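Counting from 1, position 125 in the sequence shown corresponds to residue 124 in numbering that gives the first Met the number 0; the numbering is continuous, with no gaps. The beta-carbon is built from N, C-alpha and C at its ideal position, and this holds for glycine as well. It should be emphasised that the depicted structure is a prediction, and the values quoted were computed from it without experimental measurement. Scroll down for the structure; my scribbles are underneath it.
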Amino acid sequence: MEWLIYVSVAIIAISFAFLVFYIIQTLQSLKKTMDNVSTTVEELQSQVDGITKESTELLHKTNSLADDLQQKSDSLNSVFAAAKDLGESFQNMNHSVRRVSDAVSRKADEESEQVAKAVKWGNVVLDFWSKWKTKKAETSKAAANSNN
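Next comes the structure, spelled out in structure tokens:
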């Protein structure tokens, strides 16, 4: 019976040795995995730092572009305001020209009767003068014929 105790103790010792061996292998595998995770986290941290730096630079460039765009937009606002003022000036000038044209047209219509009367009187005077000249020429001819 004593040998049974020795065999039992030997089996327990061998089982404990296998258990320790498998625990050691598991812990070594876990250490490799943890080393890989640590390396990956370090690489990830450097990548995150790079991305953060690039994002910061990109944000500064974006802010700079936004400021530049705002300045150019403000410059264009004055150009558009000037164009609007120019358009209003042209519109006012067109209204003035239209009023003057309408006034000239109305005045011409009002004065057209007087012009027509003046033309008629001018024609009467020309006819009278033409007849007078013809009569004078006939009288001069008749006087010249009677002197001969």
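Worksheet entry | Between the CA atoms of Val78 and Ser104 - distance to the nearest angstrom | Residue 104 sits at position 105 when you count from the first residue of the sequence shown. Residue 78 sits at position 79 when you count from the first residue of the sequence shown. CA-to-CA, the gap between Ser104 and Val78 works out to about 38 angstroms.
Worksheet item: So what does DSSP say about Val33, is it helix, strand or coil?
Response: As a first step, residue 33 is located in the sequence shown; it is residue number 34 there, counting from the start. Looking at the sequence shown, residue 33 is not Val but Met. Helix at Met33.
Item to complete: Helix, strand or coil for Met92, going by three-state DSSP, please let me know.
Response: The residue labelled residue 92 in the question sits at position 93 within the sequence shown. Met92 sits in a helix when the DSSP states are folded into three classes.
Discussion item. What does the alpha-carbon distance come out to for the pair Ile4 and Asn35?
Written reply: Locating residue 4 in the sequence shown gives position 5, counting from the first residue. Locating residue 35 in the sequence shown gives position 36, counting from the first residue. Straight-line Cα distance between these residues: approximately 46 angstroms.
Worksheet item: Hey, how far is the Cα of Met0 from the Cα of Val6?
Response: In the sequence shown, the residue the question calls residue 0 occupies position 1. In the sequence shown, the residue the question calls residue 6 occupies position 7. Met0 and Val6: Cα-Cα distance of roughly 10 angstroms.
Worksheet item: Roughly how many whole angstroms lie between the Cα atoms of Val99 and Ala107?
Response: Looking up residue 99 in the sequence shown gives position 100. Looking up residue 107 in the sequence shown gives position 108. For the pair Val99 and Ala107, the Cα-to-Cα distance works out to about 12 angstroms.
Worksheet item: Taking 7 angstroms as the cut-off, does the CB of Ser145 come closer than this to any heavy atom belonging to the ligand MG?
Response: Judged by which ligands are present, the structure shown has none, so any question about the ligand MG falls away.
Worksheet item: Where Lys135 and Val114 are concerned, what is the direct C-alpha to C-alpha distance, given to the nearest angstrom?
Response: The residue you call residue 135 lines up with position 136 of the sequence shown. The residue you call residue 114 lines up with position 115 of the sequence shown. Using only the alpha carbons, I get a separation of about 31 angstroms.
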